[in-house]
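Take the sequence shown: its position 29, counting from 1, is numbered 28 in numbering that gives the first Met the number 0, and each next residue is one higher. Here the structure comes first, spelled out in structure tokens, and everything after it is commentary.
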Amino acid sequence: MGRSSRVVRWERVRVSPLEAKSRSGLVRGMVALTVALAFGLVLVFVRLNSEQVKLKRQVTELRRGFGLRSKEIENLGLEVEMYRSGSRIFAQIQRLRLGLRMPEPGQVIRMRGSAAPARGSRNQGETELAKADRGG
């Protein structure tokens, strides 16, 4: 296997200096664009991350505030129930020694046109006795 008898000739190709500069300028432009995109992505990442941390902090504060308000509402509900009960009033009467006591049966008389006592009320039996005493 010998060498081929074909002769290879190299031709000299001229490259203009403008083409060489434009190619290096293109490469530089691509590198600059890549660096700018990377820098932009880093800035976006940092901003989104800081926003996420800020939102997590706000959520934590809101949850803590919600827990405090829920506990406060529960305590206020208990306080309302305490004030609604008549036992608190009677306890204060005894504590202040006002000398008040429950009326004797027949001592309370219902007037005409007044509302009837609610069923199951504390004074319903006394009202019935008062009617019996009046003959009504």
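Backbone N, C-alpha and C define an ideal beta-carbon position, used for all residues, glycine too.
- Task: Could I get the ranges of all uninterrupted beta strand (DSSP E) runs contained in the segment 33 to 58, with 3 residues as the minimum, in chain order?
- Result: none
- For L67, the three-state DSSP class (helix, strand or coil): Translated into the one-based positions of the sequence shown, residue 67 becomes position 68. DSSP places L67 in helix when its eight states are reduced to three.
- Query: CB I92 to CB L99, shorter than 7 Å?
  - Reply: By 1-based counting over the sequence shown, the position of residue 92 is 93. By 1-based counting over the sequence shown, the position of residue 99 is 100. Contact: yes.
- Task: Note the first and the last residue of the continuous alpha helix (DSSP H) segment covering Q93.
- Result: Looking up residue 93 in the sequence shown gives position 94. For Q93, the enclosing alpha helix (DSSP H) starts and ends at G85 to L95.
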